[in-house]
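Sequence positions in the sequence shown follow the numbering used here and run 2 to 213.
Ideal Cβ positions, reconstructed from N, Cα and C, are used throughout, including at glycine.
Single-structure report; data block below.
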Amino acid sequence: MMTTTLPPALRRALLAAVLAASSSVALADPLAYRVEIDTSAFAGAGFLDFAFIAGNSPAPGASAVLSNFSGAFGALESQEGNVSGSVPGTLTFGNSGAYNDWFHNVTLGGKFGFNIVFGGDFLNTAGNAGTTFGVGLLDYTGMSYLGNANGNVLQFELTPLNGGLPASITGSSYASIATISAVPEASEWMMLTGGLALIAFALRRRQPVTRA
2 MMTTTLPPAL RRALLAAVLA ASSSVALADP LAYRVEIDTS AFAGAGFLDF
52 AFIAGNSPAP GASAVLSNFS GAFGALESQE GNVSGSVPGT LTFGNSGAYN
102 DWFHNVTLGG KFGFNIVFGG DFLNTAGNAG TTFGVGLLDY TGMSYLGNAN
152 GNVLQFELTP LNGGLPASIT GSSYASIATI SAVPEASEWM MLTGGLALIA
202 FALRRRQPVT RA
């Protein structure tokens, strides 16, 4: 009976590759997110208000693309500024308008969700003003906020390059009904699964081999 083992140097290289892949998924500033809003505590008609607004001084260009909608969406109530598309489908926001807004009828009582991907010049262009993407939940009048009486249930702050600081995206939930989770990019998944495949291969190589 003979057991095949990997040389120490190769084992260390495999471990380093997996750790690097894991760090990439955990630490990379993601551009894609999944948003969930649970309205089970409410009932009747309401609205979801999506707004993408740049700061007061000139802000580098930014975009937000929403897709994979889920939930009881009704008809569009109003839209304004640099936003196009449809729900369900894809919405594309730009920050070139003074106020870029999509106001949509919904039926409360269930969960709503969508994916959002950010991009644009703010990632590599210096500037002093950022752009905010916010989602508000309102009652049937369209005047009173639900979940957070002060406004949005969740918000993303897109901050451009500024001096020696890199661009960043910060997501915040202002209500227990709203959750934000990062969606790893395809390249990050490939790195992680590649590292795991190397480990699986190494483990198979270490299984005892019986010779006749």
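Beta-carbon proximity list for residue i, same chain, < 6 Å, skipping 5 on both sides
i, result
"G1", "Not covered by the structure: residue 1. The range shown for the chain is 2 to 213."
"G121", "G62, A63 and S64"
Residue i in three-state terms, based on DSSP
i, result
"L162", "strand"
"F51", "strand"
"L109", "strand"
"L138", "strand"
"L155", "strand"
"T40", "coil"
Counted within 10 angstroms of its Cβ, other Cβ atoms place residue i as buried (16 or more) or exposed
i, result
"L138", "buried"
"A22", "Low confidence applies here, because A22 scores a pLDDT of 39, under 50, leaving its location unreliable and the question unanswered by this model."
"G75", "exposed"
"G152", "exposed"
"L77", "exposed"
"A17", "Confidence is the limiting factor: at A17 the pLDDT is only 44, short of 50, which leaves the residue's position unreliable, though a coordinate-based value still follows. Exposed, since its Cβ has fewer than 16 Cβ neighbours within 10 Å."
"L147", "buried"
Beta-carbon separation (whole angstroms), residue i vs residue j, contact threshold 8 Å
i, j, result
"Y141", "G72", "Not really, about 16 Å apart at Cβ, beyond 8 Å."
"A33", "V184", "4 Å"
"F51", "D102", "7 Å"
Close Cβ partners of residue i (< 7 Å) along its chain, the five nearest in sequence each way excluded
i, result
"S79", "F104"
"P89", "F70 and F74"
"G110", "T40, S41, F43 and A44"
Residues near residue i in its chain [Cβ-Cβ closer than 8 Å; skip 5 each side]
i, result
"S145", "L139"
In chain order, what are the residue ranges of uninterrupted beta strand (DSSP E) at least 3 long that sit wholly in the stretch 57-128? Taken in chain order, the complete beta strand (DSSP E) segments of 3 or more residues contained in the stretch 57-128 are 64-71, 74-81, 84-86, 92-95, 101-109 and 112-120.
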